[in-house]
Amino acid sequence: MSPSGILVRPVELGDHGQWRPLWDGYNAFYGRTGDTALDKAITGQTWDRFFIASGPVKAFVAVLDRQVVGLAHTVCHPSTTRLRDVCYLQDLFTSTSARGQGVGRALIERVYAEAQAVGCSRVYWTTFEDNQTARRLYDRVTHYNGAIMYAKAL
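Put into structure tokens, the structure is as follows:
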């Protein structure tokens, strides 16, 4: 447990009821709500993947005062530019009420520790250029390397 009382741990099956509103909030932040919401099958598959022990997808939750207040989802995978795997921090979100209390930093630090423990050589993630709130944190826990992500849905 961190000095601020935040516990970051792997997600557990019993967390679903508290994880789901965070997941929905994360997706709403990125415009995936209403007509553009993720298909329920995607959310179900995402949840199920967290519990495949040998799978590359992992999830961590931040707990504060016995409430799940943040999530981080990762995918570790091989790299064409490194000998060891890398870890993609795919999703990071904290509840509005917990922001500014170190939850995001605690989640990122746990991801760093877990990635190192499984032999990864790097953790990386993306965010939108105008996500200034998140970028203030990211600039304190790593450095911006100038990368811009492109994506095409298939």
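Under our numbering, the first residue of the sequence shown carries the number 2, and numbering increases by one thereafter. Glycine included, every Cβ here is placed at the ideal spot set by N, Cα and C.
Does DSSP classify residue 117 as helix, strand or coil?
-> The residue given as residue 117 occupies position 116 in the sequence shown. Three-state result, residue 117: helix.
With residue 69 and residue 57 assumed to form a contact (beta carbons below 8 Å), what rounded beta-carbon distance in angstroms separates them?
-> Your numbering for residue 69 matches position 68 in the sequence shown. Your numbering for residue 57 matches position 56 in the sequence shown. Their Cβ separation, rounded to whole angstroms, is 23 Å, which puts residue 69 and residue 57 out of contact at 8 Å.
Under the rule that 16 or more other beta-carbon atoms within 10 Å means buried, what is residue 12, buried or exposed?
-> Working through the sequence shown from its first residue, we reach residue 12 at position 11. Buried, since its Cβ has 16 or more Cβ neighbours within 10 Å.
Ends of the alpha helix (DSSP H) at residue 135?
-> Here residue 135 is taken as the residue at index 134 of the sequence shown, counted from 1. 133 to 142 is the extent of the alpha helix (DSSP H) around residue 135.
Nearest residue (CA-CA) to residue 99, options 17, 23, 113 = Counting from one through the sequence shown, the residue named residue 99 turns up at place 98. Answer by Cα proximity: 23.
Give me the Cα-Cα distance between residue 78 and residue 105, rounded to the nearest whole angstrom.
-> Within the sequence shown, residue 78 is the residue found at index 77, counting from 1. Within the sequence shown, residue 105 is the residue found at index 104, counting from 1. Approximately 23 Å, taken between the alpha carbons.
Near residue 127, what residues of its chain come up, given a Cβ to Cβ distance below 7 Å and the 5 sequence neighbours on each side ignored?
-> In the sequence shown, residue 127 corresponds to position 126, counting from 1. The residues are 150.
For residue 71, three-class secondary structure by DSSP | The residue you call residue 71 lines up with position 70 of the sequence shown. Correct three-state label for residue 71: strand.
Using 8 Å as the Cβ pair cut-off and three pairs as the minimum, do the segment 84 to 93 and the segment 115 to 134 touch?
-> yes
Measure from the alpha carbon of residue 48 to the alpha carbon of each residue in 34, 59, 118, then state which is nearest.
-> Translated into the one-based positions of the sequence shown, residue 48 becomes position 47. Nearest C-alpha to residue 48: 59.
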